[in-house]
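Reading through the structure tokens given below for one structure.
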Amino acid sequence: ILYFWFLLYCILGKVPMYDYGEKENLRKYGQPNPPEYNLTKITAPVALYYGANDLFCVPEDVGKTSSMIQNVVANKRIPDFNHVDILWGNDVVDLVFNDILKLMERY
Numbered sequence: 618i619l620y621f622w623f624l625l626y627c628i629l630g631k632v633p634m635y636d637y638g639e640k641e642n643l644r645k646y647g648q649p650n651p652p653e654y655n656l657t658k659i660t661a662p663v664a665l666y667y668g669a670n671d672l673f674c675v676p677e678d679v680g681k682t683s684s685m686i687q688n689v690v691a692n693k694r695i696p697d698f699n700h701v702d703i704l705w706g707n708d709v710v711d712l713v714f715n716d717i718l719k720l721m722e723r724y
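Numbering of the sequence shown is given in this note's numbering, commencing with residue 618 and proceeding in unit increments.
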């Protein structure tokens, strides 16, 4: 889920709550547009992995996001990876997935 939020932040520059449409937003949120999630309230351990060649989530965006989250336990730039390599790259198991499994055991 956090991957989806991070992607929204990279593309939109913000992480909005669900958009029900103007009328329902007014009822649920008291405003026509959905409010943003406050990333500073995330206390769970968070690991950030990003590709050096990602055109959607550039290092500056990762840095901004990392600075807003309290408990970043990993912030890893993967050389030569682009946006989809984090899912389908040939060496994603060695460069990312094994590390994530170790973090999951730890936390």
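Ideal Cβ placement from N, Cα and C applies to all residues, glycine included.
Closest Cα partner of residue i within the set the options
i: Arg723; options: Ala661, Ile686 and Asp708; result: Ala661
i: Asp697; options: Ala691, Tyr646, Ile686 and Val709; result: Val709
i: Gln648; options: Ile659, Leu656 and Asp636; result: Asp636
i: Ala691; options: Leu718, Trp705 and Phe673; result: Leu718
i: Phe673; options: Ile703, Asn715, Asp716 and Phe714; result: Ile703
i: Asp716; options: Trp705, Lys693 and Tyr646; result: Lys693
Inter-residue Cα distance where the pair is residue i and residue j
i: Ile618; j: Val632; result: Because the pLDDT at Ile618 is just 47, under 50, the model does not fix this residue reliably, and the value given afterwards should be weighed accordingly. Rounded to the nearest angstrom, the two C-alpha atoms are 12 Å apart.
i: Ile659; j: Ile686; result: 6 Å
i: Leu656; j: Met634; result: 12 Å
i: Ser683; j: Arg644; result: 32 Å
Under 8 Å between C-beta atoms of residue i and residue j
i: Asp671; j: Asn707; result: no
i: Ile695; j: Leu720; result: no
First and last residue of the uninterrupted alpha helix (DSSP H) at residue i
i: Tyr707; result: Position check: residue 707 holds Asn in this sequence, whereas Tyr was assumed. Neither: Asn707 is in no alpha helix (DSSP H) and is coded neither H nor E.
i: Tyr646; result: Glu639 to Tyr646
Three CB pairs or more closer than 8 Å across the stretch 664-684 and the stretch 647-654: Under the Cβ criterion (8 Å, minimum of three pairs), the stretch 664-684 does not count as touching the stretch 647-654.
Given 8 Å, three or more beta-carbon pairs between the stretch 635-642 and the stretch 665-676: By the Cβ criterion, the stretch 635-642 is not in contact with the stretch 665-676, since fewer than three pairs of Cβ atoms, one from each stretch, lie closer than 8 Å.
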